[in-house]
Amino acid sequence: MTIDATPRNIAPLTGRRRLLAGLGALPLVGAAGATAMPARAAEPARTQARIVIAGGGAAGLTAASRLAALLDGAHITVIDGRKAHYYQPGFTLIAAGVKPQGYVISSTSEYIPKGVELIAEKVAEIDPEGKAVVTDSGKRLAYDFLILATGLELNYGAIEGMDTTRIGTNGLGSIYHSPQAAAATWQALNQFADTGGVGLFGRPLGEMKCAGAPLKYTFISDDHLRRRGNRGKAELMYMAQSKSLFGVPIVAEKVRMLFQDRGVKVHHEHVLQSIDPDRRIAIYKTPAGTLEQGYDFINVVPPMRAPEVVRNSPLPWTEGPWAADGWAEVDRQTLRHKRYPEVFAVGDIAGVPKGKTAASVKWQVPVAVSHLVGDITGKPSADMYNGYTSCPLITRLGRAMLIEFDYQDNLVMSFPGVIAPLEELWISWVMKTMALKPTYISMLRGRA
Amino acid sequence: MKELDPMVFLAVFQEMLGPMLWVMLLVAVLGLLAFVALLVRERGLVSRRLVQSELLGLLGGVVALVVMARVSSSGFTDAGGPADWFLILLVYGVGAVATTILAYTVLGWWRPRRGLAAGT
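Just so you know, the sequences run in chain order A and B.
Letter 447 of the first sequence, counting from 1, is numbered 447 in the numbering used here, and no numbers are missing.
Letter 23 of the second sequence, counting from 1, is numbered 23 in the numbering used here, and no numbers are missing.
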C-alpha cells in the first residue's frame with residue numbers, strides 16, 4: 001500500500017505560517033498539517049445521531065469535545081469505568097524524580113463537555129453487527145456511530161514471575177503501570193543511582209505506546225548516576241527487541257550514537273520472558289537461546305495488546321502484523337473501520353503503524369471526527385491522517401530531542417530552522433516540562 | 001478553521017497559568033498605560049531614572065531566568081544549541097525590559113520629576 005505523505009488537506013505549511021502553527025500547539029501537535037486547529041465550525045450540524053465513544057482517555061475525550069462542538073442534537077455517550085484521568089506523557093517525568101505523582105492525575109468527568117453523557121462503567125461487549133455496546137452492568141447502548149477509543153492493555157501476565165505489586169521494591173521498576181508505579185519506580189532508581197550495579201532497560205515485541213519512553217528512561221538513569229558521581233559503578237544495558245533501537249531508521253542511528261557516547265551497552269533481539277524479583281534475575285529470549293541476566297535495577301516494559309473486549313469482538317485485524325494483538329482494523333488515513341464503516345478507532349487501539357502517543361491522538365481524532373460528521377451532513381470529508389506523531393526524547397535531565405515523524409519514516413519539523421530534529425536541546429526539554437501538559441489538556445477540551 | 005488560530009495560544013496559556021494569566025496580562029496592560037501616561041505627563045524620559053531602572057532591569061532579566069529554570073526543572077548547564085541561546089536571550093530580554101519599564105513607571109509616579117513637582 002502506498003501512502004500519500006501530503007494528502008490534500010495536509011498541504012505542507014510554508015515558512016512563517018508553518019512555524020507559527022507549530023508554536024501554537026507545540027510538539028504535541030507539530031506541523032503535520034492544519035487540520036487540528038480547534039473544532040469551531042461556523043454552524044454545528046443538526047442531527048439526532050447516537051454516537052457512542054468507548055473509552056474516556058485522551059482519544060475518547062478529545063473526540064467527545066470535538067463532536068460536541070460540531071454537532072447539535074446528537075446523543076453522545078462516553079463509556080469509561082475509570083474515574084481518574086491520567087496524563088500519561090508525564091509518567092516518565094515522575095519516574096525521573098522531576099514531577100510529583102499528582103502531576104498526572106485528574107478526573108475524567110472534568111473534561112466531559114456539556115451535553116455529553118458519561119457512563120462510568122466498563123465496556124463489556126461490542127457488537128458491531130447489531131450496532132450496540134454493552135456495559136458491565138448489562139446496559140445496552142445502540143449507536144449510529146462508534147468511536148473506539150479503549151486504549152490498550154498492559155499484558156504483565158506475559159512476563160512470567162512479574163508481580164506489579166512489587167514495583168518499587170528490590171530494584172524492580174515499571175513506569176507504564178500507573179502513576180503510583182511511576183513514583184515507586186523513581187524510588188527504585190533513586191536508590192540504584194546511589195549504589196550503582198547492573199541496570200536493565202528494553203522494550204517488548206509488538207506495538208507499544210510511546211516507543212521512545214524506554215529509551216528516555218535509559219538516558220535519565222544514566223544522567224542520575226553521573227550527577228551523583230556513580231556512573232563508574234554502574235553498567236547499563238539496553239535490550240532491544242529487534243535489530244533496531246527505534247522504528248524510524250534515522251532516529252535509531254542517532255540513539256545508537258548517543259548510547260555509545262553514554263556507555264550504554266546494547267543487545268539486540270533480546271525479549272524479556274520472565275523475571276525473578278527475589279533473586280533479581282531477568283530471563284531474555286535471544287536468537288542464541290535464553291539468557292539469564294542479574295540486575296540491581298530493571299525497568300520492565302510489558303507487552304501491550306488490545307483490551308479483551310476488543311480482542312473478543314469482530315473489530316481486530318484478522319491477518320497481518322496487527323492481528324495477533326487485536327488492534328482494530330482501520331484505514332490508516334481515515335481511521336475508519338475497514339469492515340464496519342460506522343466505526344472509527346482512534347488512539348492506542350487503532351491498528352495503524354507507528355506512534356501510540358498523545359501526538360497521534362491530536363492528529364487522528366480531528367480526521368476521524370471529520371469523516372463521521374461528513375457521513376451525517378452528507379458532505380464527505382477529504383481529511384487524511386499521514387501518521388504524524390512526535391516524541392520529545394529526553395537524552396538527559398534538562399535536554400531532549402524533538403522527534404517528529406510520519407508513516408513513511410520521514411522526519412517532520414514543527415520548527416524548521418529553529419529546532420533541529422536530532423539535536424539535544426534545552427528548549428525541547430522546556431516544551432516537555434512546561435508546555436506539553438497545557439497543550440494536552442487544551443486538546444482534551446477541544447481547544448487545541 | 002484551517003488556519004493559525006490565536007485561540008490555540010490563549011487556550012494553552014490559560015491551561016498553563018490559570019487565573020495568573022489574567023493577572024499578568026492586567027499588570028502588563030496597566031503598567032504600559034501608566035508608563036505612557038508618565039511619558040506624556042513628563043514630556044519625555046528622565047535619563048537619571050531610566051539608568052536606575054535599567055540597572056534594576058539587569059537584575060530582572062536574571063530573575064526571569066531563575067524563574068524559568070525553576071518552572072521547567074532545568075539547571076544552568078542545559079543549553080545545547082543555538083535555539084537554546086535564543087530562548088535564554090529572549091527570557092532574559094523580556095525580564096529585563098519588563099522590569100525596566102515597570103521600575104521606571106513606579107519610580108516616576110512615586111517620585112515625579114522635581115521640575116514638574118515645582119510646577120515649572
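Think of the CB as a built atom: it goes at the ideal place given N, C-alpha and C, for glycine as much as any other residue.
Residue i to residue j, Cα distance in whole Å?
i         : j         : result
Arg41(B)  : Val27(B)  : 20 angstroms
Lys272(A) : Thr47(A)  : One point to set straight first is that residue 272(A) is Leu, not Lys, in the sequence displayed. About 50 angstroms.
Gln260(A) : Tyr238(A) : 11 angstroms
Pro392(A) : Met401(A) : 6 angstroms
Leu59(B)  : Leu107(B) : 16 angstroms
Lys338(A) : Val330(A) : 5 angstroms
Leu56(B)  : Arg48(B)  : 13 angstroms
Ile298(A) : Gly326(A) : 28 angstroms
Ser106(A) : Arg82(A)  : 11 angstroms
Arg43(B)  : Gly417(A) : 43 angstroms
Pro302(A) : Cys210(A) : 13 angstroms
Leu32(B)  : Ile101(B) : 8 angstroms
Thr164(A) : Leu90(B)  : 46 angstroms
Lys216(A) : Leu245(A) : 12 angstroms
Glu423(A) : Ala448(A) : 26 angstroms
Ala59(A)  : Val369(A) : 11 angstroms
Leu258(A) : Pro179(A) : 28 angstroms
Tell me, please, whether the CB atom of residue i is closer than 9 angstroms to any CB atom in chain B?
i         : result
Gly374(A) : no
Ile394(A) : no
Met434(A) : yes
Lys216(A) : no
Leu425(A) : yes
Thr62(A)  : no
Leu258(A) : no
Phe415(A) : yes
Gly398(A) : yes
Ala448(A) : yes
Gly24(A)  : The predicted position of Gly24(A) is uncertain, since its pLDDT is 37 and thus under 50; no value can be drawn from it.
Leu93(A)  : yes
Pro438(A) : yes
Ile112(A) : no
Lys379(A) : no
Lys99(A)  : yes
Val514(A) : Within the shown structure, residues of chain A are numbered from 1 to 448, placing residue 514(A) beyond reach of any answer.
Report yes if the C-beta distance between residue i and residue j is below 9 angstroms; otherwise report no.
i         : j         : result
Ala183(A) : Gln293(A) : no
Val309(A) : Thr150(A) : yes
Ala142(A) : Ala158(A) : no
Val248(A) : Thr218(A) : no
Ser428(A) : Val412(A) : no
Asp409(A) : Leu152(A) : no
Lys356(A) : Glu207(A) : yes
Leu221(A) : Gly199(A) : In the sequence on display, residue 221(A) carries Ser and not Leu. Closer than 9 angstroms, so yes.
Ile449(A) : Ile53(A)  : Summary: the structure shown does not reach residue 449(A), with chain A confined to residues 1 through 448, and so no result is reported for it.
Met384(A) : Thr62(A)  : no
May I ask you to list the residues that DSSP assigns as paired with residue i?
i         : result
Met24(B)  : Answer is none; Met24(B) lacks a bridge partner.
Asn299(A) : Gly173(A)
Gln293(A) : Ala282(A)
Cys391(A) : Ile403(A)
Tyr337(A) : Rather than Tyr, the amino acid found at residue 337(A) in this sequence is His. DSSP, once it has assigned bridges, lists Val330(A) as partnering His337(A).
Ile427(A) : Ile427(A) is not bridged to any residue.
For residue i, name the three-state secondary structure that DSSP assigns.
i         : result
Arg396(A) : strand
Ile76(A)  : strand
Gln48(A)  : coil
Val266(A) : strand
Asp163(A) : coil
Arg318(A) : Reading off the sequence shown, one finds Thr at residue 318(A), where the question assumed Arg. Note: Thr318(A) maps to coil in three-state DSSP.
Tyr440(A) : helix
Arg113(B) : coil
Asp409(A) : coil
Gln14(B)  : helix
Thr105(B) : helix
Leu152(A) : coil
Ser107(A) : strand
Ala79(B)  : coil
Arg305(A) : strand
Gln241(A) : coil
With hydrogens ignored, establish whether the beta-carbon of residue i is closer than 8 angstroms to any heavy atom of the ligand FMN.
i        : result
Leu30(B) : Absent from the structure shown: the ligand FMN. Ligands present: none.
Do we get a CB-CB distance below 9 angstroms when we pair residue i with the residues of chain A?
i        : result
Val23(B) : no
Ser72(B) : yes
Val67(B) : no
Gly93(B) : no
Leu30(B) : no
Leu89(B) : no
Gly61(B) : no
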